[in-house]
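Student: Numbering (full-length UniProt numbering), first residue to last: 1 to 82. Where a beta carbon is used, it is the ideal one built from N, C-alpha and C, also for glycine.
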Amino acid sequence: MVKFLEKDKRLLLLSAGFSATVYMNTHYILYWTSKGVHAAPYSPALVITSLLNMLLFGYLVKVLYDIAITKKNIPVTQQQTT
1 MVKFLEKDKR LLLLSAGFSA TVYMNTHYIL YWTSKGVHAA PYSPALVITS
51 LLNMLLFGYL VKVLYDIAIT KKNIPVTQQQ TT
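Below, the structure is given as structure tokens:
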């Protein structure tokens with residue numbers, strides 16, 4: 001898995017971005033739950049987190065398209081035999 005991420009740093013960036021949005025959403029919900037509220041109120045923080053998630057997903061589709069389609073015809077190098 002790590003070697004796969006070393007080939008394309010965009011995947012590492014996306015992983016960090018999705019981790020950050022999951023953290024922000026979980027923090028916000030747990031914060032309001034700890035105050036005794038069973039449903040977090042609608043706020044700009046949740047909207048921004050959702051929009052960021054959608055932007056990251058769109059970028060993920062673009063990156064996967066680049067990896068799967070654009071780089072599909074990269075020739076495989078042959079190993080030398082001794």
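Apart from the five residues on each side of it in sequence, which residues of its chain come closer than 6 Å, Cβ to Cβ, to Arg10?
Tutor: For Arg10, where only same-chain residues beyond five positions count, the Cβ hits under 6 Å are Val63.
Student: So, at 7 Å on beta carbons, what are the nonlocal neighbours of Phe18 in its own chain, with the 5 sequence-adjacent residues on each side left out?
Tutor: The residues are Leu56.
Student: So, helix, strand or coil for Asp66, using DSSP?
Tutor: In this structure, Asp66 counts as helix in the three-state DSSP scheme.
Student: If Ala40 sits next to Tyr28, beta carbons under 8 Å apart, how far is it from one beta carbon to the other, in whole angstroms?
Tutor: Right, their Cβ atoms sit about 6 Å apart.
Student: With a CB to CB cut of under 7 Å and the five nearest residues on each side skipped, what residues in its chain are close to Leu60?
Tutor: Result list for Leu60: Leu14, in chain order.
Student: For Met24 and Asp66, what's the separation of their Cα atoms in angstroms?
Tutor: Met24 and Asp66: Cα-Cα distance of roughly 29 Å.
Student: Are there 16 or more other CB atoms within 10 angstroms of the CB of Thr33, so buried, or fewer, so exposed?
Tutor: Exposed, because fewer than 16 other Cβ atoms sit within 10 Å of the Cβ of Thr33.
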